[in-house]
Every structure is written in C-alpha cells, then in structure tokens.
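Notes for the one structure printed next.
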Amino acid sequence: MGVAGEGQPPPSPPPRRPPPQGYRQGLITAITVLLGFSLSFLRFWGFEAPGEWTARSATAAGTIVLSILMQIVALARSLRVADDDEQEFARTSRWLLASALALLAGLGFALLLDSGVLGPRLR
Numbered sequence: 416m417g418v419a420g421e422g423q424p425p426p427s428p429p430p431r432r433p434p435p436q437g438y439r440q441g442l443i444t445a446i447t448v449l450l451g452f453s454l455s456f457l458r459f460w461g462f463e464a465p466g467e468w469t470a471r472s473a474t475a476a477g478t479i480v481l482s483i484l485m486q487i488v489a490l491a492r493s494l495r496v497a498d499d500d501e502q503e504f505a506r507t508s509r510w511l512l513a514s515a516l517a518l519l520a521g522l523g524f525a526l527l528l529d530s531g532v533l534g535p536r537l538r
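Numbering of the sequence shown is given in this note's numbering, commencing with residue 416 and proceeding in unit increments.
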C-alpha cells in the first residue's frame with residue numbers, strides 16, 4: 416500500500432502577485448517623510464532644546480531612536496525586489512505601521528515630559 420498523494424506532484428506555490436501600481440512608490444514616500452520628521456524632531460528635541468538629560472528623557476529618546484531604526488528597516492525592505500510581491504509588501508507595511516506607533520509613543524512621552532505632567536521640566 417502506498418501513501419496517499421504518492422506519485423502526485425507537490426502543490427505549486429501561489430502565483431506571485433505584485434501590489435497595485437503606485438503602492439510601492441507611495442510606501443517609500445511615506446517612509447522617507449516619516450523618517451525625515453523623526454530625525455528632525457530628535458535633532459531638535461534631543462540635542463538643541465535646553466534642559467538636562469534624565470532617565471525619563473533618555474527613555475523617550477530611546478523610543479524615538481527605536482522608531483527610526485524600524486523606519487530604516489521598512490525602507491530597506493521596500494527597496495528590495497522581493498517587496499514587489501503582495502505578501503512581502505504587506506510585511507513592509509506592517510513594519511512602517513509599527514514604527515509609526517513607536518514614534519507616537521516616544522513623541523507622547525516627550526510631550527508629557529516637556530509639559531511638566533510627569534514631573535519638573537528638566538528635559
């Protein structure tokens with residue numbers, strides 16, 4: 416007795432489907448705009464604004480830096496040829512969304528620090 420399916424060819428992988436025309440270019444533009452904002456904000460808030468560094472401000476800055484690193488990963492993914500596949504494009508989009516959420520968390524924390532809600536306004 417043979418095993419079921421023996422002698423049959425393995426199932427073929429699903430056909431490669433590119434994202435709709437213009438989606439990759441739009442994603443790359445969105446990533447670079449967000450990355451430019453993130454770097455500009457970190458430069459001003461982290462290095463040019465007056466005040467002393469605290470553990471809380473370092474945490475906010477670290478969250479923003481993590482977001483920047485995630486944006487760079489998303490940008491690198493979006494520039495790959497493999498990202499012309501719909502599934503890979505969806506993963507890259509999730510990287511961008513995760514980086515945007517991390518950025519919002521870091522910006523919110525920085526806002527709370529600078530407004531004095533989380534203690535004295537040091538940085």
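Heads up, the beta-carbon is just placed ideally off N, CA and C, and yes, glycines get one too.
Since this is a predicted model, take the numbers as computed values, not measurements.
Would you mind reading off the limits of the alpha helix (DSSP H) that contains residue i?
i    : result
G461 : Unbroken run through G461: none, as it is neither H nor E.
Q486 : A470 to S493
D529 : E501 to S530
Do residue i and residue j have their C-beta atoms closer together than 8 Å?
i    : j    : result
W510 : V488 : yes
L533 : R495 : no
D500 : R431 : yes
Suppose you measure from the CA of residue i to the CA of residue j; what does that come to, to the nearest Å?
i    : j    : result
G451 : Q440 : 16 Å
A491 : M485 : 10 Å
G523 : L449 : 16 Å
S482 : G422 : 50 Å
A517 : S530 : 20 Å
E463 : S455 : 11 Å
Relative to the alpha-carbon of residue i, which residue among the options has its alpha-carbon at the smallest distance?
i    : options                   : result
A520 : Q436, I479, L490 and P465 : I479
P428 : A473, L454 and Q502       : Q502
F504 : P425, Q423, G422 and P433 : P433
A515 : G477, S453, D500 and Q436 : S453
Cutting at 7 Å between CB atoms, please list the residues of its own chain near residue i, excluding the five before and the five after it.
i    : result
S377 : Missing from the structure shown is residue 377; the chain here goes from 416 to 538 and no further.
A525 : W460 and A475
L527 : L533
In chain order, what residues of the same chain lie with their CB nearer than 6 Å to the CB of residue i, ignoring the 5 residues before and after it?
i    : result
L457 : I479
Does the ligand NAP have even one heavy atom less than 7 Å from the beta-carbon of residue i?
i    : result
A489 : Ligands displayed in this structure: none; no statement on the ligand NAP is therefore possible.
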